[in-house]
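Residue numbers (our numbering): 6 to 92.
Glycine residues also receive a C-beta, built at the ideal position from the N, C-alpha and C atoms.
Notes to accompany the following structure.
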Amino acid sequence: MSDPDAIDCHAAADQLYEYLDGELSPTVESQIRAHLADCAPCFGLFDFEETYLRFLEARTRAQGAPAHLRRRILDELFQHPEQPPRS
Ligand SMILES: [Zn+2]
């Protein structure tokens with residue numbers, strides 16, 4: 006790594022939740038983005054956490070909804086791209 010602004014895996018993981026919440030300064034955010042572009046393990050971790058956060062949000066939104074609607078929301082969230090959407 007020759008870029009003096011480059012961050013390591015530890016620094017990236019340290020700021021994972023701030024990154025996902027959009028609480029970082031643009032500078033730090035772009036440093037993390039640059040790291041994720043180069044680092045498959047960190048990209049996988051961030052991707053996993055983001056999916057998990059979205060899942061929690063969807064579950065919160067779905068609370069109080071009838072079971073069939075709740076199921077549909079979760080189905081749509083995790084729909085695999087190779088499966089055609091059901092209507
Ligand atoms: Zn990394």
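task: Could you spell out where the alpha helix (DSSP H) holding Pro46 opens and where it closes?
output: Counting along the chain, the alpha helix (DSSP H) containing Pro46 begins and ends at 45 to 67.
Pro31: CB within 7 Å of a non-hydrogen atom of ligand 1: Incorrect: Pro31 has no Cβ contact closer than 7 Å to ligand 1.
- request: Return the CA-CA distance between Ala18 and Arg64, expressed in angstroms with no decimal places.
  value: One Cα belongs to Ala18, the other to Arg64, and the distance between them is close to 25 Å.
- prompt: When DSSP labels each residue in this structure, what does Asp13 get in the three-state scheme?
  reply: Note: Asp13 maps to coil in three-state DSSP.
field: Distance cut-off 7 Å: His40 Cβ against heavy atoms of ligand 1
entry: Taking 7 Å as the cut-off, one finds at least one heavy atom of ligand 1 near enough to the beta carbon of His40.
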